[in-house]
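Colleague: Counting from 115, one number per residue, gives the positions in the sequence shown under this note's numbering.
Even for Gly, the Cβ is constructed at its ideal location relative to N, Cα and C.
From a predicted model like this one, the values you see are computed outputs, not experimental measurements.
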Amino acid sequence: IYIKNLEFLIKPNGLYIQLCFSEKETREGGPRRIKKSDLYELFSSQNGWTIESIEDDVYETTLFGSVPSGGRAYLSTIRRNNYT
115 IYIKNLEFLI KPNGLYIQLC FSEKETREGG PRRIKKSDLY ELFSSQNGWT
165 IESIEDDVYE TTLFGSVPSG GRAYLSTIRR NNYT
């Protein structure tokens with residue numbers, strides 16, 4: 115459902131920038147963690163997408179305490195193909 119909604123929102127050749135918690139974040143609590151392999155599967159060329167980059171990043175949050183700290187994350191740049 116998520117990918118179908120993105121297809122509706124993002125025009126062909128449009129960019130989708132995503133910041134999500136990665137499976138490398140080991141602290142308990144917080145949002146679902148995403149595996150890099152899942153990103154490659156969901157946003158494959160067979161599904162109409164091209165992943166331009168996936169980089170390790172930090173998700174600034176107070177989720178793990180009152181002082182802002184970073185949760186381990188992936189910053190992805192994904193392009194919707196001109197065909198689906």
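If you follow the beta strand (DSSP E) that Tyr-130 is part of, which residue opens it and which one closes it?
Modeller: 129–135
Colleague: For Ser-159, count the other beta carbons within 10 Å of its own beta carbon; 16 or more makes it buried, fewer makes it exposed. Which is it?
Modeller: exposed
Colleague: Check whether the Cβ atoms of Ala-187 and Phe-135 sit closer than 7 Å, and answer yes or no.
Modeller: yes
Colleague: Which residue wins for smallest C-alpha separation from Ile-192, given the options Ser-151, Gly-184, Ile-168 and Lys-138?
Modeller: Ile-168
Colleague: Relative to the C-alpha of Glu-139, which candidate in Glu-174, Arg-194 and Tyr-197 has its C-alpha closest?
Modeller: Glu-174
Colleague: Taking the beta carbon of Leu-86 as the centre, do at least 16 other beta carbons fall within 10 Å, making it buried, or is it exposed?
Modeller: Missing from the structure shown is residue 86; the chain here goes from 115 to 198 and no further.
Colleague: Whose CA, out of Gly-185, Glu-155, Leu-189 and Leu-129, lies closest to the CA of Gly-143?
Modeller: Gly-185
Colleague: Check this for me: beta carbons of Lys-149 and Glu-137, under 7 Å apart or not?
Modeller: In terms of Cβ geometry, Lys-149 and Glu-137 form a close pair [threshold 7 Å].
Colleague: Look up Ser-167 in the DSSP assignment and say whether it is helix, strand or coil.
Modeller: strand
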